[in-house]
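First residue of the sequence shown: 1, per my numbering; consecutive thereafter.
C-beta atoms are modelled at their ideal positions from N, C-alpha and C, and glycine is treated no differently.
Written out below as structure tokens is the structure these notes cover.
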Amino acid sequence: MKTAKYIITAILAIASLGVSAQKLRIDAKKSTIGWIGKKIGGQHEGFINVKSGSMEIKNDQIVSGEFIIDMNSITCTDLEDKGYNQKLVGHLKSDDFFGVKQNPTASLTITKSTKFSKGKATVTANLTIKGKTESITFEVVKNGTIYTTKLEIDRSKYDVRYGSTSFFDSLGDKAIDDIFTLKINLITV
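Written as structure tokens, this is what we have:
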């Protein structure tokens, strides 16, 4: 009888290991966030750094996660002329766009997720830019320790007004698309 109790206790202990949450830290140096902003007649693109982040996985489902983005790290990769490049990056950091002096970070906080099925899950998160928070839903692809996604973000919801037809009429060919894209590649450790 005692042997049966020990066996049952051992089985329950082993089974509970499988359901405990696994906390994963984001490797900020290896992770990347690419951005693309479009305007009439062209686009600009570059990168922005992950400052820090972590998430918890339980039963093949993301149960929580928070990621901090360093807004001061924004770069432009499509303009080769150093002067124009610096001018664009400076403008993106200004109050016309992201107001980096007052808002040095942005954040993404996961609020819910489906279980991964065939390496994919649907995630809902709160995205905070310039102190404004909006809920967004997107698909995450998991491949080993790498998590990737593509976010289409409406900047007008975060009070990023410059060149936006949501705030200004008669912009003509000076209009900048309200939707910008983030291609996120997170490496976990």
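Q86 carries a helical assignment under DSSP once its states are collapsed to helix, strand and coil. Here the segment 64 to 76 makes contact with the segment 45 to 55; the two share three or more CB pairs at distances below 8 Å. For V160, the number of other beta carbons within 10 angstroms of its own is at least 16, and it is reported as buried.
The beta carbons of D70 and T111 sit no closer together than 8 Å.
The straight-line gap separating the alpha-carbon atoms of L88 and D96 is approximately 11 Å. Spanning the alpha carbons of D154 and V189 requires a straight line of approximately 31 Å. G65: member of the beta strand (DSSP E) spanning Q61 to D70, first to last residue. T109 has its alpha-carbon roughly 23 Å from the corresponding atom of G37. Remark: C-beta atoms of F47 and T77 approach each other more closely than 8 Å. Taken atom to atom, the span from the alpha-carbon of T128 to that of E134 is near 7 Å. If you draw a 10 Å sphere on the C-beta of H44, you find 16 or more other C-beta atoms in it, and that means buried. The C-alpha of I68 lies about 12 Å from the C-alpha of N103. Straight across, the Cα-Cα distance linking S156 with N126 is about 16 Å. Collapsing the DSSP output to three states places L79 in coil. A direct Cα-Cα distance of roughly 8 Å separates V123 from I136.
In this structure, the CA atom of N85 is about 27 Å from the CA atom of T149.
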